[in-house]
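*Asks:* Take 10 as the starting number for the sequence shown in our numbering and just add one per residue. Quick reminder that beta carbons are idealized off the backbone N, C-alpha and C, glycines included. Here the structure is a predicted model, which is why all the values come from computation and not from measurement. Take a look at the following structure, please.
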Amino acid sequence: MSFPFVHRETVRFRDVDVLGHVNNAVYLTYLEQARVAFLSPHDADWTQMILARCEIDFRAQVAVGEVVEIALWPTRVGNKSFALSYELKVNDRIVAEAKTVLVAFDY
Numbered sequence: 010m011s012f013p014f015v016h017r018e019t020v021r022f023r024d025v026d027v028l029g030h031v032n033n034a035v036y037l038t039y040l041e042q043a044r045v046a047f048l049s050p051h052d053a054d055w056t057q058m059i060l061a062r063c064e065i066d067f068r069a070q071v072a073v074g075e076v077v078e079i080a081l082w083p084t085r086v087g088n089k090s091f092a093l094s095y096e097l098k099v100n101d102r103i104v105a106e107a108k109t110v111l112v113a114f115d116y
């Protein structure tokens, strides 16, 4: 697999708030969708992973119908956790940057 891995999400009406742009909480869903798409083909049991940390820097507004490209790549792999970095773009314009840390958990 080459990096960064890229996943695309089209902004739905339900994603926007009263101000007409994507609500900040929806970015977590975009990150999750990209992460699942990234991990699923590798037989990674993402259901056994806990999101321990998330950091998002918002750069620009995004509107209904726009396509968000979510690029992600691993930045650290430990014994029980790993970190991913993300860059979210619309038409080559960076709209957000994010980092997550996931921890493997044996229920």
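Spatial neighbours of residue 16 within its chain, please: C-beta separation below 6 Å, excluding the five flanking residues on both sides.
*Replies:* For residue 16, where only same-chain residues beyond five positions count, the Cβ hits under 6 Å are 43, 46, 79.
*Asks:* Indicate the three-state DSSP secondary structure (helix, strand or coil) for residue 66 in the structure shown.
*Replies:* Three-state DSSP puts residue 66 in a strand.
*Asks:* Could you tell me whether the segment 95 to 104 touches the segment 47 to 58, where touching means 3 or more Cβ pairs closer than 8 Å?
*Replies:* No, they do not touch.
*Asks:* Between the beta-carbon of residue 116 and the beta-carbon of residue 77, is there less than 8 Å?
*Replies:* Contact: no.
*Asks:* To the nearest whole angstrom, what separates the beta carbons of residue 81 and residue 14, a pair I think is in contact under 8 Å?
*Replies:* Correct: roughly 5 Å between the Cβ atoms.
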